[in-house]
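Chains as they are written, first to last, in the UniProt record's numbering: chain B, 1 to 327; chain E, 1 to 327.
Protein chains: 2
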Amino acid sequence: MAKASEKHRVTSADVARACGVSRATVSYVLNNDPRQTIPPETRERILQAAQKLGYSPFAPARLLRSGQSQLVLAVLPFEQVDPALARSLKELEQRLARHDLTLLSYVGMHPSIGTTHPSAHITPSVLLSYADQDDPLVAAFLQQFHAPILHLLGDARLEEQIGAMQAEYLIQCGKRSLIFLDSERKDVQRLSSHRFRGVQQACLRWECTEPVLRTLPSSREEARTILRDTLASCDHSWGICCYNDEVAIAALAALADENITIPHMAAVVGCDNIPLAQWSLPALTTIAFHNESALDPLIEAIVALSRGETVTWKTQKTLTLIKRASA
Amino acid sequence: MAKASEKHRVTSADVARACGVSRATVSYVLNNDPRQTIPPETRERILQAAQKLGYSPFAPARLLRSGQSQLVLAVLPFEQVDPALARSLKELEQRLARHDLTLLSYVGMHPSIGTTHPSAHITPSVLLSYADQDDPLVAAFLQQFHAPILHLLGDARLEEQIGAMQAEYLIQCGKRSLIFLDSERKDVQRLSSHRFRGVQQACLRWECTEPVLRTLPSSREEARTILRDTLASCDHSWGICCYNDEVAIAALAALADENITIPHMAAVVGCDNIPLAQWSLPALTTIAFHNESALDPLIEAIVALSRGETVTWKTQKTLTLIKRASA
DNA sequence: CTGAAAGCGCTTACAG
DNA sequence: CTGAAAGCGCTTACAG
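Here you go:
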């Protein structure tokens with residue numbers, strides 16, 4: 001089934017021949033050109049033949065002709081595409097399809113030498129970047145596509161706001177000693193450092209002590225040890241800002257292992273509001289992004305850019321703190 | 001930065017003109033054609049000019065010429081791309097890049113009428129399907145790409161094995177009343193039903209009672225109720241086979257809310273071994289796939305198919321039960 | 001209403 | 001060693 005027999009590609013000329021018309025006519029019919037009046041009888045015959053021969057236009061030829069690729073490429077540098085992102089990609093894909101645009105994703109990004117840049121094989125008309133917009137390597141990589149770029153991730157300022165929001169909530173809960181719990185994931189260091197800076201700033205503003213920076217180890221045993229030792233360093237009750245919900249849920253488990261009562265002895269705030277956040281013990285207090293409101297303008301911006309128009313668009317993310325039991 | 005000024009595409013002719021050579025020479029140099037001997041001086045000059053003009057070959061033209069797209073498309077029908085999948089995609093992407101192949105992903109799949117099929121805009125030379133290979137809608141969708149297809153997900157039999165493995169482990173633990181806990185996610189129904197069938201078969205084989213099928217609601221309150229009522233229906237100790245780890249972790253939380261001791265009163269087995277599985281309370285017993293061993297042959301198969309060669313390849317997934325505290 | 005022709009940008013035999 | 005030319009498959013003015 002679906003043999004690799006690229007022996008002979010079915011071409012619009014084949015369809016034309018089969019119907020005894022010219023390739024132009026085939027093209028007119030298949031593209032529904034409104035400026036042409038094709039007799040319904042002919043039209044039907046062509047449609048039939050195309051169907052029977054299994055003809056579909058060869059994309060590169062069409063692109064070469066039109067210069068317009070109708071392709072939107074989402075560049076996802078994360079090792080771990082989070083579920084929320086996948087969902088929003090699917091949504092995006094469906095919305096864009098109605099505008100005759102195809103959304104594709106590229107996972108990974110190697111400005112590594114030696115391997116070909118993807119632009120050699122694909123020519124997107126718009127780029128959606130989920131990468132750090134301040135990273136020069138990222139910028140260079142994206143640049144090579146020669147396509148307009150929309151940055152969907154927040155900028156450094158938004159990331160700082162996230163950290164600050166976590167910290168301020170915890171401070172309001174009466175926690176005056178804060179920990180920032182980092183992920184081990186390398187690909188996320190920059191994001192993480194922005195959020196930590198937000199926590200620092202909040203501590204400064206509210207005259208708390210400098211927050212402690214820790215990285216959550218991947219082993220549960222080590223995580224217990226690190227958290228125990230850190231908490232023992234002072235007998236305040238602690239507030240823990242986690243890089244994201246995964247880290248937070250892991251922290252919750254390690255704290256439970258140590259019989260540390262939550263949120264009394266330590267309160268935990270995550271970020272992302274992943275589906276599992278409501279299922280932790282205790283349920284996780286976290287920060288959710290809301291950019292659904294901005295989906296329509298985003299679609300519009302993408303469509304306009306794909307047509308070569310110039311457009312200004314900025315991420316409009318609003319942060320909401322989702323209060324549950326962990327803080 | 002990266003303006004949408006598609007005003008005038010930089011073409012190989014531009015580079016040739018800038019250097020006072022022919023387009024052929026430019027092409028030879030840029031593609032490192034081994035059959036040509038270009039004076040290093042000229043070569044250098046061309047490379048310089050290409051660099052300065054920001055020239056990169058226009059993919060569609062090149063594809064039209066070669067007929068070979070060098071594009072591998074992963075079709076992901078899941079609403080929720082799981083982290084393990086994302087990681088393996090990244091790995092795949094890097095490996096394929098060394099063979100000058102670009103891996104792109106397409107999230108979603110609408111055999112919906114009215115919208116254009118992605119094949120209108122992209123011509124992959126190989127398809128990697130993560131969709132249900134028995135679903136005729138899926139088959140029709142994939143077919144339209146006219147490219148060879150590799151099915152990476154297991155077939156129905158493997159899915160049944162997963163269910164059976166969960167069930168048999170629980171039965172060995174002494175649980176003779178089993179529940180299969182399903183996800184609410186629509187896009188996963190078929191997979192889920194295969195796994196349930198595996199559980200049923202195991203129960204038959206081991207002469208247990210027919211397993212109970214339940215769907216985990218998205219609200220924690222409702223989940224508690226459903227689980228409580230189901231468990232109360234008989235005073236055996238129960239074994240719960242969960243569609244995947246997310247469902248399992250949620251179930252663990254709901255059971256804890258009801259003060260049901262795990263694994264004594266109810267034992268829980270998940271599937272996937274997601275990173276969070278080791279961080280649940282108690283840590284989750286689950287089933288892991290191992291197909292890393294099969295990565296090399298997979299790469300080879302993809303490369304061969306992209307060259308139009310015919311190849312037989314089959315998913316080689318081995319299942320391992322990861323024993324933790326929940327069962 | 002239909003067909004012959006040009007041209008998108010590229011690579012690659014083929015002559016010089 | 002370099003250049004002129006053909007052709008990949010498509011769409012779209014332009015003639016008839």
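Where is the CB? At the ideal position from N, CA and C, for every residue including glycine.
Rounded distance between the beta-carbons of residue 126 of chain E and residue 132 of chain E, thought under 8 Å = Sequence index remark: in the second sequence, residue 132 of chain E carries index 132 (1-based). Sequence index remark: in the second sequence, residue 126 of chain E carries index 126 (1-based). Contact annotation, residue 132 of chain E with residue 126 of chain E: C-beta distance approximately 19 Å; criterion of less than 8 Å not satisfied.
Let me know if residue 239 of chain B comes out buried or exposed under the rule of 16 or more other beta-carbons within 10 Å of its beta-carbon.
-> Taking the first residue of the first sequence as 1, we reach residue 239 of chain B at position 239. Here residue 239 of chain B is buried, its C-beta having at least 16 other C-beta atoms within 10 Å.
So which of E:173, E:313, E:140, E:76 has the shortest CA-CA distance to residue 269 of chain E?
-> In the second sequence, the residue the question calls residue 269 of chain E occupies position 269. When E:173, E:313, E:140, E:76 are compared, the shortest CA-CA separation from residue 269 of chain E is found for E:173.
Name the chain E residues that come within less than 9 Å of residue 106 of chain B, Cβ to Cβ?
-> In the first sequence, counting from the first residue as 1, residue 106 of chain B sits at position 106. Residues of chain E whose Cβ lies closer than 9 Å to the Cβ of residue 106 of chain B are, in chain order, 93, 102, 103, 104, 105.
Check each candidate in B:267, B:261, B:93 and name the one with the smallest Cα separation from residue 181 of chain B.
-> For this step, residue 181 of chain B is matched to residue 181 along the first sequence. Of the listed residues, the one whose Cα sits closest to residue 181 of chain B is B:267.
What's the C-alpha gap between residue 234 of chain B and residue 176 of chain B?
-> Here residue 234 of chain B is taken as the residue at index 234 of the first sequence, counted from 1. Here residue 176 of chain B is taken as the residue at index 176 of the first sequence, counted from 1. Cα to Cα, the separation comes out at about 11 Å.
Specify the secondary structure class of residue 198 of chain B as computed by DSSP and reduced to three states.
-> Position 198 of the first sequence, counted from the first residue, corresponds to residue 198 of chain B. Residue 198 of chain B: helix per DSSP, three-state reduction.
Paired residues, beta bridge with residue 238 of chain E - DSSP = To locate residue 238 of chain E, count along the second sequence from 1; it is residue 238. For residue 238 of chain E, DSSP records a beta bridge to E:177, E:266.
Would you check if the distance between the CB atom of residue 89 of chain E and the CB atom of residue 69 of chain E is smaller than 8 Å?
-> For the purposes of this step, residue 89 of chain E is taken as residue 89 along the second sequence, with counting starting at 1. For the purposes of this step, residue 69 of chain E is taken as residue 69 along the second sequence, with counting starting at 1. Between residue 89 of chain E and residue 69 of chain E, the C-beta gap is not smaller than 8 Å, which leaves the two residues out of contact.
Could you work out which residues of chain B lie near residue 58 of chain E, taking near to mean beta carbons separated by less than 8 Å?
-> On the second sequence, position 58 is the one that residue 58 of chain E refers to. Neighbours of residue 58 of chain E across chain B, judged by C-beta separation under 8 Å: 64, 123.
Put residue 303 of chain E into one of helix, strand or coil per three-state DSSP.
-> Taking the second sequence and counting its residues from 1, one reaches residue 303 of chain E at position 303. The answer is helix: DSSP assigns residue 303 of chain E an H, G or I state.
Distance cut-off 7 Å: residue 255 of chain B Cβ against heavy atoms of the ligand PLP | Because no ligand of any kind appears in the structure shown, any question about the ligand PLP cannot be addressed here.
Assuming residue 258 of chain E and residue 214 of chain E make a contact with CB atoms under 8 Å, what is their CB distance in whole Å?
-> Along the second sequence, read from residue 1 onward, the residue named residue 258 of chain E stands at position 258. Along the second sequence, read from residue 1 onward, the residue named residue 214 of chain E stands at position 214. 14 Å between Cβ atoms; not a contact.
Taking only the alpha-carbon atoms, compute the straight-line gap between residue 5 of chain B and residue 308 of chain E and give it to the nearest angstrom.
-> Taking the first residue of the first sequence as 1, we reach residue 5 of chain B at position 5. Taking the first residue of the second sequence as 1, we reach residue 308 of chain E at position 308. At residue 5 of chain B, the pLDDT of 41 sits below 50, so the modelled position is not reliable; the number obtained from the coordinates is stated separately. Residue 5 of chain B and residue 308 of chain E: Cα-Cα distance of roughly 7 Å.
Nearest-angstrom Cα separation, counted from residue 51 of chain E out to residue 26 of chain E | The residue given as residue 26 of chain E occupies position 26 in the second sequence. The residue given as residue 51 of chain E occupies position 51 in the second sequence. Their backbone Cα atoms lie some 12 Å apart in a straight line.
Residue burial classification, residue 3 of chain B (beta-carbon count within 10 angstroms, cutoff 16) | The residue labelled residue 3 of chain B in the question sits at position 3 within the first sequence. Legend: pLDDT at residue 3 of chain B = 36, less than 50; position of this residue unreliable, value from coordinates given subsequently. Burial call: exposed.
Span of the beta strand (DSSP E) around residue 74 of chain E = Numbered from 1 along the second sequence, position 74 holds the residue referred to as residue 74 of chain E. Here the beta strand (DSSP E) through residue 74 of chain E covers 71-76.
Run the CB neighbour count on residue 60 of chain B, radius 10 Å, all protein chains shown included, and call it buried at 16 or more, exposed below.
-> Translated into positions along the first sequence, residue 60 of chain B becomes position 60. Its Cβ being crowded by 16 or more others within 10 Å, residue 60 of chain B is buried.
Using a C-beta cutoff of 8 Å, does residue 280 of chain B count as contacting chain E?
-> Taking the first residue of the first sequence as position 1, residue 280 of chain B is located at position 280. Residue 280 of chain B counts as touching chain E.
Counting contacts by CB-CB distance shorter than 8 Å, is residue 298 of chain E in contact with chain B?
-> What you label residue 298 of chain E is simply residue 298 of the second sequence in a count that begins at 1. Judged by the 8 Å Cβ criterion, residue 298 of chain E is not in contact with chain B.
So which residues on chain B does residue 237 of chain E lean against when the C-beta distance must stay under 9 Å?
-> Your numbering for residue 237 of chain E matches position 237 in the second sequence. Residues of chain B passing the Cβ test: none, with the nearest at roughly 21 Å.
Hey, does residue 118 of chain B have any beta-carbon neighbour from chain E nearer than 8 Å?
-> Counted from its first residue, the first sequence places residue 118 of chain B at position 118. Yes, residue 118 of chain B counts as interfacial toward chain E.
For chain E, find out if any of its Cβ atoms is closer than 8 Å to the Cβ of residue 18 of chain B; answer yes or no.
-> Residue 18 of chain B sits at position 18 when you count from the first residue of the first sequence. Residue 18 of chain B has a beta carbon lying at 8 Å or more from every beta carbon in chain E.
Between which two residues does the alpha helix (DSSP H) carrying residue 59 of chain E extend?
-> Here residue 59 of chain E refers to the residue found at position 59 when the second sequence is read from its first residue. Counting along the chain, the alpha helix (DSSP H) containing residue 59 of chain E begins and ends at 59-66.
For chain B, find out if any of its Cβ atoms is closer than 8 Å to the Cβ of residue 226 of chain E; answer yes or no.
-> If you number the second sequence from 1, residue 226 of chain E lands on position 226. Cβ-Cβ to chain B under 8 Å: no for residue 226 of chain E.
Any C-beta of chain B sitting closer than 8 Å to the C-beta of residue 328 of chain E?
-> In the structure as shown, chain E begins at 1 and stops at 327. Residue 328 of chain E is therefore absent and cannot be evaluated.
Under the three-state reduction of DSSP, which class applies to residue 105 of chain E: helix, strand or coil?
-> As a first step, residue 105 of chain E must be located in the second sequence, where it is residue number 105. Strand, per DSSP.
Thinking C-beta only, is residue 169 of chain E closer than 8 Å to residue 321 of chain E?
-> Numbered from 1 along the second sequence, position 321 holds the residue referred to as residue 321 of chain E. Numbered from 1 along the second sequence, position 169 holds the residue referred to as residue 169 of chain E. Yes.
Chain B within 8 Å of residue 170 of chain E, Cβ atoms only = As a working mapping, residue 170 of chain E is identified with position 170 in the second sequence. At a cut-off of 8 Å between beta carbons, residue 170 of chain E makes no contact with chain B.
Hey, does residue 52 of chain E have any beta-carbon neighbour from chain B nearer than 8 Å?
-> Sequence index remark: in the second sequence, residue 52 of chain E carries index 52 (1-based). No, because no Cβ of chain B sits closer than 8 Å to the Cβ of residue 52 of chain E.
Using CA coordinates, which residue listed in B:188, B:178, B:191, B:183 is at the minimum distance from residue 202 of chain B?
-> The residue labelled residue 202 of chain B in the question sits at position 202 within the first sequence. If we check each option's Cα against that of residue 202 of chain B, B:178 comes out closest.
Taking Cβ to Cβ, would you say residue 253 of chain B is nearer than 8 Å to residue 227 of chain B?
-> Reading the first sequence from its first residue, position 253 is the one you call residue 253 of chain B. Reading the first sequence from its first residue, position 227 is the one you call residue 227 of chain B. Taking a C-beta distance under 8 Å as the contact criterion, residue 253 of chain B and residue 227 of chain B do not qualify as a contact pair.
Check the C-beta distance from residue 128 of chain B over to residue 73 of chain B and give it rounded, since I have them as a contact under 8 Å.
-> Position 128 of the first sequence, counting from 1, holds the residue named residue 128 of chain B. Position 73 of the first sequence, counting from 1, holds the residue named residue 73 of chain B. Approximately 7 Å separates the beta-carbon atoms of residue 128 of chain B and residue 73 of chain B; this is inside 8 Å, confirming the contact.
What does residue 295 of chain E reach in chain B if we use C-beta pairs closer than 7 Å?
-> As a first step, residue 295 of chain E must be located in the second sequence, where it is residue number 295. Counting only Cβ-Cβ distances below 7 Å, residue 295 of chain E has no contacts in chain B at all, with the closest Cβ about 15 Å away.
Going by DSSP, name the residue or residues bridged to residue 129 of chain B.
-> Counted from its first residue, the first sequence places residue 129 of chain B at position 129. Among the bridge pairs identified by DSSP, residue 129 of chain B is matched with B:75, B:151.
Looking at the unbroken beta strand (DSSP E) that takes in residue 212 of chain B, where does it start and where does it end?
-> Here residue 212 of chain B is taken as the residue at index 212 of the first sequence, counted from 1. 212-215 is the extent of the beta strand (DSSP E) around residue 212 of chain B.
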